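First up is the structure itself, then whatever we jot down about it.
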Ligand SMILES: [Fe+2]
Ligand SMILES: [Fe+2]
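Numbering (the working numbering), first residue to last: 1355 to 1638.
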């Protein structure tokens, strides 16, 4: 990353942090002897977060049958890993939703719709492919463009000029960012995911969603987010600030074996997932 931009970001003391409960959860979940009670206790130390987690697990988004009334109950029914993903999702929304203002060429509502839809589409593709955690794929898609929020909030002049450059030259935003200030929202978002100690599964889609390559990683999640990002733009779900729709990497098409996927079924599934994810639009 261009040194100057990195230093600017490193020196921002108000840069968002994840609640400490996330790190505690990661540690607890690494220990196979951890009990549901222990995890429940860790989550309920943050009461506001715990009640949001319960609201989410009982929402149409997760669609779990029956009412889940306590965190421990949620863990028993959904498992550690799903609950951790729900906590992470709730925390990310808490940190970024309704913060700051957009600017010309970058409408925050459109940005959120783009991000939520990308999460939903990533989950839909994961479902179609099989073998991946749907909730984790949702998070990867949700956070893929997080770097734009950092740019918009902390480096507004640079971001404004990149948006303008991208619109005037019909370039993708990340290309304009690279040209104007030597760094991209993907690198900045990636830096944030490192600082948050998120697993590499979640770091890499943020870092490489515009240029997925086996040289970076071979995890399908990066390919999925790359594909979902393009699909939701093509389907006109929100807008992440790009003047036009990026093209799909040929190698991603091959690695996900997109030719063998029933595209109609996939599109139906994306629409259904986006519909369910609309619970996040009114998130407070
Ligand atoms: Fe992006
Ligand atoms: Fe995007």
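Built from N, CA and C at the ideal position, the CB exists for glycine as well.
Since this is a predicted model, take the numbers as computed values, not measurements.
Distance between residue j and residue i (C-alpha atoms, nearest Å)
i: residue 1412; j: residue 1496; result: 20 Å
i: residue 1561; j: residue 1555; result: 11 Å
i: residue 1618; j: residue 1488; result: 20 Å
i: residue 1453; j: residue 1375; result: 22 Å
i: residue 1437; j: residue 1429; result: 6 Å
i: residue 1360; j: residue 1552; result: 19 Å
i: residue 1608; j: residue 1395; result: 44 Å
i: residue 1467; j: residue 1633; result: 11 Å
i: residue 1591; j: residue 1470; result: 9 Å
i: residue 1543; j: residue 1502; result: 8 Å
i: residue 1576; j: residue 1473; result: 12 Å
i: residue 1402; j: residue 1443; result: 14 Å
i: residue 1370; j: residue 1448; result: 10 Å
i: residue 1586; j: residue 1569; result: 26 Å
i: residue 1414; j: residue 1405; result: 16 Å
i: residue 1465; j: residue 1508; result: 17 Å
i: residue 1588; j: residue 1523; result: 20 Å
i: residue 1536; j: residue 1574; result: 28 Å
i: residue 1390; j: residue 1432; result: 11 Å
i: residue 1366; j: residue 1481; result: 38 Å
i: residue 1392; j: residue 1500; result: 31 Å
i: residue 1387; j: residue 1427; result: 18 Å
Residue i (DSSP reduced to helix, strand or coil)
i: residue 1434; result: helix
i: residue 1460; result: strand
i: residue 1567; result: coil
i: residue 1446; result: helix
i: residue 1545; result: helix
i: residue 1604; result: helix
i: residue 1452; result: coil
i: residue 1622; result: helix
i: residue 1420; result: coil
i: residue 1598; result: coil
i: residue 1368; result: coil
i: residue 1583; result: helix
i: residue 1386; result: coil
i: residue 1487; result: coil
i: residue 1631; result: helix
i: residue 1398; result: helix
i: residue 1523; result: helix
i: residue 1615; result: coil
Residue i Cβ short of 6 Å to ligand 2 heavy atom set
i: residue 1594; result: yes
i: residue 1461; result: no
i: residue 1590; result: no
i: residue 1622; result: no
i: residue 1571; result: no
i: residue 1583; result: yes
Option in the options with minimal Cα separation from residue i
i: residue 1518; options: 1458, 1485, 1565, 1398; result: 1458
i: residue 1606; options: 1563, 1616, 1592, 1410; result: 1563
i: residue 1477; options: 1633, 1626, 1636; result: 1626
i: residue 1538; options: 1596, 1550, 1584, 1573; result: 1596
i: residue 1479; options: 1612, 1540, 1629; result: 1612
i: residue 1614; options: 1585, 1464, 1483, 1380; result: 1483
i: residue 1513; options: 1557, 1456, 1420, 1463; result: 1456
i: residue 1460; options: 1418, 1593, 1492, 1532; result: 1593
i: residue 1545; options: 1445, 1504, 1530; result: 1504
i: residue 1630; options: 1410, 1381, 1445, 1363; result: 1410
heavy atom of ligand 1 below 6 Å from residue i C-beta
i: residue 1464; result: no
i: residue 1678; result: For the chain, the structure presents residues 1355 to 1638; residue 1678 sits outside this window and is missing.
7 Å Cβ cutoff met for residue i and residue j
i: residue 1498; j: residue 1559; result: yes
i: residue 1422; j: residue 1398; result: no
i: residue 1534; j: residue 1600; result: no
i: residue 1550; j: residue 1372; result: yes
i: residue 1572; j: residue 1490; result: no
i: residue 1516; j: residue 1582; result: no
i: residue 1441; j: residue 1494; result: no
i: residue 1584; j: residue 1610; result: no
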